[in-house]
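Which chain is which? The protein sequence lines are A and B, in order. Residue numbering for the first sequence follows the numbering used here, starting at 1 and increasing by one per position. Residue numbering for the second sequence follows the numbering used here, starting at 1001 and increasing by one per position.
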Amino acid sequence: MRHLPRAAALGPFVALAVACVFFATRSDRFLTGENLSLILQQVMVVGVIAIGQTLIILTAGVDLSCGTVMALGGIVMTKLAAEHGLPVPVAIGAGLAVTTLLGVANGLLVSAIRLPPFIVTLGTLNIAFAITQLYSQAQTVTELPASMTMLGGTFRVGGTAVVYGVVVMLALYALTWYVLRETASGRHVYAVGNNPEAARLTGIATQRVLLGVYVSAGVLYGIASLLSVARTGVGDPNAGQTENLDAITAVVLGGTSLFGGRGAVFGSLVGTLIVGVFRNGLTLMGVSSVYQILITGILVILAVGTDELSRRGAG
Amino acid sequence: MTLPTDAGSVVLQARGLVKRYGHVTALDGADFDLRGGEILAVIGDNGAGKSTLIKTLAGAVVPDEGEIHLDGRRVHFKNPLDARRAGIETVYQDLAVAPAMSIAENLFLGRELQRAGILGRVLRALDKPRMLRETVAHLAELKINVRSMDQPVETLSGGQRQSVAVARSAAFARHVVIMDEPTAALGVKESGMVLQLIRRVRDKGLAVVLISHNMPHVFELADRIHVQRLGKRVAVVDPKRISMSDTVAVMTGALRADELAGETLA
C-alpha cells in the first residue's frame, strides 16, 4: 500500500510511453528525430503555460485565462515593436508587464478578496480576450523585427534541428522543479494547497503565497507569449484559444491533483507531451482534428477520474 | 531550546480577562495561573468561556480587558504568531497538519531551516538534511516511533499524527504548550499513547495547558485542574484530593467552590 503513490506517480510516464509505442507502430515518421523535435516545438508554448497552471492548481485553484492572457501579451509585444517602432527589448518588457499585471489582478482577487479562482479567471479570460481584440482590431500583427523571433531559431543536435524556445521551456521546468522541491516558498505552495488552515496556523502568510503564485504564473504566460510569437512569427489575436484548456489538461494528465497540494511540475511536462504526442500522432495517421479534440477530452476526464478515485481511496 | 522555568513558580498568569461578543460575555473577569513544569487541565461546561480563555492565552483572541503576564512580564498578543514568538505553542484540536507532506516537513512547516550562504538567503533553499536530523532527534526525545521521517503524515494513524503535532509544539515552545482536546478524535489505545507523550513534554520542563472534556484523562494526567464556569475561574482543584463527581459538580454549578473542603483546592 505504501508504494501505491509512487506507482501512481509513474502513471503519466507509462501513458506517454504507451502512446509513443502505439504511434511508432502506426507511422514510420513518428519516431524520427525531426518529428520528435517538431512535437517539442509544438508544445513549447503550452508547456510554459502549464508551469504557471501547475503552480495555481497546486494551491487548489485553477486559471481559465492562461492562454488568452498569453495571446494579449503577444499582441502587446508585437504591436509595440512592429507598429509603434519601440525597441524590441522594451516591447517584450511591456508584454511581460501586461501578463504579470493580469496575474497580480487574479492574485489579489483570489487572495485578498477571497473570490473563487474559477470565477475570477473566467472574468479575466473574457477581459483579456476583449482587450486583445480591441487593441489588435482583430488583425494579425506581421512584419516583426527579426530579433523578436530569435527564440524560434534552431540549433542542431546530431542531425536534428532544435528550437531555442524548447531549451527555454526545459530550463523553466528545471527552475520551477528546484523552487518547488528545495525552497521554503515552494513547500509553502504545497502546504497552502494541502491544508490552508494548518498552513495559516503555522504562521505561513497564505495570502502572500497565493498572490505570489498568480503573479509567477503571469510572468510565465508572458514568456509563453514571446515563445508563441517566435514560433509563429506573428502576433495572433486568436492565439491561446486551445491553450486555455490544454494547459489544464496537461497539468491534470501529469498527475497534479485539482484538489491542491499534490503533484509535481515535471508531471505537467509529461502531460504536455502526452497531449502533443496524441495531436501529432493522430495527424500523422490522418485522423481529423475534431477526433483529436475528442480524444483530449476523454483523456482529461480519465485523468480527473483517477485523481478523484485515488483521493477517495486515501480517505 | 527549552528554558525550564523553576518548577512551582508561575509561568503564565492572567488577571481579570474580559471578552464580549456583542451582548454575549464569554470571559467575565477570568483569572489564570500556570506553574512551571506542571500539567494544568482546564475544564468547563460548554459556554463557560474555556475556549475563549485558551484562545486569549494563545494570541488568537485579544481580550477587551485584563492583563496577561508571561514569566513576570506583561505581554500583549495581537495574533497567534506573537504568542508563538514569546514561546507559547498551541496544538489545535483538528490535527493541524498538512497530510500530503512528510513528518519532517510538517515539523518545520512555516519555520523551515534554510541553508547557509546565498542559496539560503536569496532562494530560501532548505537545509533538508539538518531538518531530517533534527526531526529524528525531536521524535526520539519524546519516544515517538515512526518508520521514516520522509513518509507523508497521511500514512500515519490518528494517534501518530497527533504525536507529530505535539512534537512540533514541544520542539519550538520555550515556555508553554497549550493542547486543545488532544485526544478527542482518538481511540483508547491511541489516546493512551498521546497522554504518555503529554507527560514526556512536561518532563522536558515545559508547562502544559490541557483542555479536555474527558474527565478520566484529566484526572490521569493533570497536576492541577482549573474549573471555568460562566466566564470565570471558580476553583483550582487538586485531582489527587478531590473526587471526579465533586469536580463535575463544581463545573456544572451543582456545588459551590466555597462548599468544597479546603484540602481539595490547589
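Ideal placement from N, C-alpha and C gives every residue a C-beta, glycine not left out.
- Cβ-Cβ distances below 6 Å link residue 82 (chain A) to 141, 143, 144 in the same chain, with the five nearest sequence neighbours on each side left out; the list follows chain order.
- Between the segment 257-274 of chain A and the segment 84-96 of chain A there are fewer than three C-beta pairs closer than 8 Å, too few to call the two in contact.
- Counting of Cβ neighbours within 10 angstroms places residue 1232 (chain B) among the buried residues, the total reaching 16 or more.
- Within a 10 Å sphere around the beta-carbon of residue 1091 (chain B) sit 16 or more other beta-carbons, which makes this residue buried.
- DSSP places residue 1189 (chain B) within a helical segment (H, G or I) once states are collapsed to three.
- Closest option to residue 63 (chain A), judged by alpha-carbon separation, among A:180, A:139, A:119: A:119.
- In the three-state DSSP reduction, residue 41 (chain A) falls in the helix class (H, G or I).
- For residue 262 (chain A), the nearest beta carbon of chain B is closer than 7 Å to its own beta carbon.
- Any Cβ of chain A closer than 7 Å to the Cβ of residue 1112 (chain B) would place that residue at the interface, and such an atom is present.
- Nearest C-alpha to residue 183 (chain A) among B:1248, B:1082, B:1124, B:1009: B:1124.
- By the criterion of a C-beta distance shorter than 8 Å, residue 1045 (chain B) is surrounded in its chain by 1229, 1251, 1252, once the five residues flanking it on both sides are discounted.
- In this structure, residue 1054 (chain B) keeps its C-beta atom at 7 Å or more from the C-beta atom of residue 1198 (chain B).
- Contact with chain A is found for residue 1124 (chain B), since one of that chain's Cβ atoms lies less than 7 Å from the residue's Cβ.
- Secondary-structure assignment with DSSP links residue 1034 (chain B) through a beta bridge to B:1012.
- With its beta carbon less than 7 Å from one in chain B, residue 202 (chain A) belongs to the interface.
- Inside the segment 164-232 of chain A, DSSP marks whole alpha helix (DSSP H) runs of 4 or more residues at positions 164-182, 184-194, 196-201, 206-232, from first to last along the chain.
- Residue burial is scored here from C-beta neighbours: residue 190 (chain A) has at least 16 other C-beta atoms within 10 angstroms and is therefore classed as buried.
- Judged by pairs of C-beta atoms under 8 Å, the segment 36-48 of chain A touches the segment 167-180 of chain A, as three or more such pairs exist.
- Looking from the CA of residue 1048 (chain B), the closest CA among B:1020, B:1224, B:1035, B:1105 belongs to B:1020.
- The beta-carbon of residue 185 (chain A) is placed less than 7 Å from the nearest beta-carbon of chain B.
- Put simply, of A:218, A:131, A:200, A:108 the residue whose alpha carbon is nearest the alpha carbon of residue 100 (chain A) is A:218.
- At the C-beta level, residue 1158 (chain B) and residue 1194 (chain B) stay beyond 7 Å of one another.
- For the pair residue 207 (chain A) and residue 200 (chain A), the Cα-to-Cα distance works out to about 9 Å.
- Annotation: Cβ neighbours of residue 1105 (chain B) in chain A (cutoff 7 Å, chain order): 187.
- Non-local beta-carbon contacts of residue 103 (chain A) in its own chain, meaning distances under 6 Å to residues more than five positions away in sequence, involve 214, 215, 217, 218 in chain order.
- Excluding the 5 residues flanking it on each side, residue 185 (chain A) has same chain C-beta neighbours closer than 8 Å at 179, 209, 212, in chain order.
- Contacts between residue 1075 (chain B) and chain A, judged by CB atoms closer than 9 Å, are missing: the closest CB pair is about 17 Å apart.
- Secondary structure note for residue 1167 (chain B): its alpha helix (DSSP H) is the uninterrupted segment 1158-1172.
- Secondary structure of residue 1102 (chain B) (DSSP, three-state): strand.
- In this structure, residue 284 (chain A) places its C-beta atom within 7 Å of the C-beta atom of residue 29 (chain A).
- Judged by beta-carbon spacing, residue 1043 (chain B) lies beyond the 7 Å limit of residue 1223 (chain B), meaning their Cβ atoms are not closer than that value.
- Contact check for residue 1176 (chain B) and residue 1011 (chain B): beta-carbon distance about 6 Å, within the 8 Å limit, so the pair qualifies.
- When only Cα atoms are considered, residue 1056 (chain B) and residue 130 (chain A) end up about 51 Å apart.
- About 5 Å separates the Cβ atoms of residue 1083 (chain B) and residue 1058 (chain B), confirming a contact at the 8 Å cut-off.
- For residue 1103 (chain B), the closest alpha carbon among the candidates B:1143, B:1140, B:1130, B:1161 is that of B:1161.
- By the rule that beta-carbons nearer than 7 Å mark a contact, residue 308 (chain A) does not touch chain B.
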